[in-house]
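Numbering (our numbering), first residue to last: 227 to 491.
Each residue gets a CB set at the ideal place from its N, CA and C atoms; glycine is no exception.
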């Protein structure tokens, strides 16, 4: 399966994703400039912390790019319906196309998406069957990067030794307090918001219930199925290799559940 780019033409979505990218860029530039690199140069912190921060930042950006540009599971205009599954397909009353059950029509994108969870303006894309794992990665890596940033902000004032080679004429040195406060505020907002979102997404995956189905008050007796957490994440991520669950730069291969794990529709 090739990595195909999928873009949604939505100015409001572009604005939202630009704000998310701006927050990432702010912390990725100022935290190393104010904390990591100066303390590393003076021997206060090991190189491993600097490398880990840039790895977390890179994975966060990769997950954001992939989640916003990956096809969420858009249905083709003329889908090929297997004869054995025809009874599980239905007609969409908005785009007049056949779709499998648990698919939903996104009014923002203008098409149906397989097992659509919701439309997220912050990635300017739907979250569906084919990119749900990428959205989950984005929530996870944003939590990691935000927590890393908060810890560094705290250590800057209460743990790290004072820097001796500061140039008071530099912008970052003269405005360090304001820059660090903004970084801390953004870190708290992102960590709190993404932690709540990550929890709700994991709860939905483990109960095999999408956000749309929860809002429509569908019960687990109709759509949910009892699965182990390993198999539930295996289906979402498209691989049985747990290490690959954390890698955004790969493709997803659909995995069919065994008979005892199939969802009843």
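Exposure label - residue 382; buried when at least 16 CB within 10 Å: Classification for residue 382: buried.
Whole-Å CB distance - residue 434 paired with residue 357, under 8 angstroms assumed: Residue 434 to residue 357, Cβ: 17 angstroms. No contact.
Own chain residues within Cβ distance below 8 angstroms of residue 294, not counting five before or after: For residue 294, where only same-chain residues beyond five positions count, the Cβ hits under 8 angstroms are 243, 349, 350, 351.
Of the residues 416, 475, 362, 316, the one placed nearest residue 245, counting alpha carbons only: Ranking 416, 475, 362, 316 by Cα distance to residue 245 puts 416 first.
Candidates 454, 277, 252, 285: closest to residue 370 by CA position: Ranking the options by Cα distance to residue 370, first place goes to 285.
Extent of the continuous alpha helix (DSSP H) to which residue 439 belongs: Its alpha helix (DSSP H) spans residues 437-441.
Terminal residues of the alpha helix (DSSP H) in which residue 326 lies: Unbroken run through residue 326 is the beta strand (DSSP E), 324-326; no alpha helix (DSSP H).
Local Cβ density within 10 Å of residue 413, reported as buried at 16 or more and exposed below that: Buried, because 16 or more other Cβ atoms sit within 10 Å of the Cβ of residue 413.
Separation of residue 387 from residue 275, as counted between CA atoms: Taking the straight line joining both Cα atoms gives about 16 angstroms.
Range of the contiguous alpha helix (DSSP H) that encloses residue 351: Unbroken run through residue 351 is the beta strand (DSSP E), 351-353; no alpha helix (DSSP H).
Span of the alpha helix (DSSP H) around residue 365: Residue 365 -> alpha helix (DSSP H) spans 358-384.
Sequence-distant residues of its chain with Cβ nearer than 7 angstroms to residue 321 (five each side left out): Hits under 7 angstroms: 331, 337, 338.
Pick from 344, 291, 273 that is closest to residue 299, judged by C-alpha positions: Answer by Cα proximity: 344.
Three-state class that DSSP yields for residue 278 in the structure shown: Assignment of residue 278 by DSSP, reduced to helix, strand and coil, places it in the helix class.
Collapsed DSSP secondary structure at residue 268 in the structure displayed: Coil at residue 268, not helix or strand.
Selected residue, minimal CA-CA separation from residue 432, among 420, 247, 460: Checked all of 420, 247, 460; the closest Cα to residue 432 is 460.
For residue 335, three-class secondary structure by DSSP: Residue 335 carries a coil assignment under DSSP once its states are collapsed to helix, strand and coil.
CB contact flag (residue 325, residue 341, <8 angstroms): Not in contact: residue 325 and residue 341 (Cβ atoms no closer than 8 angstroms).
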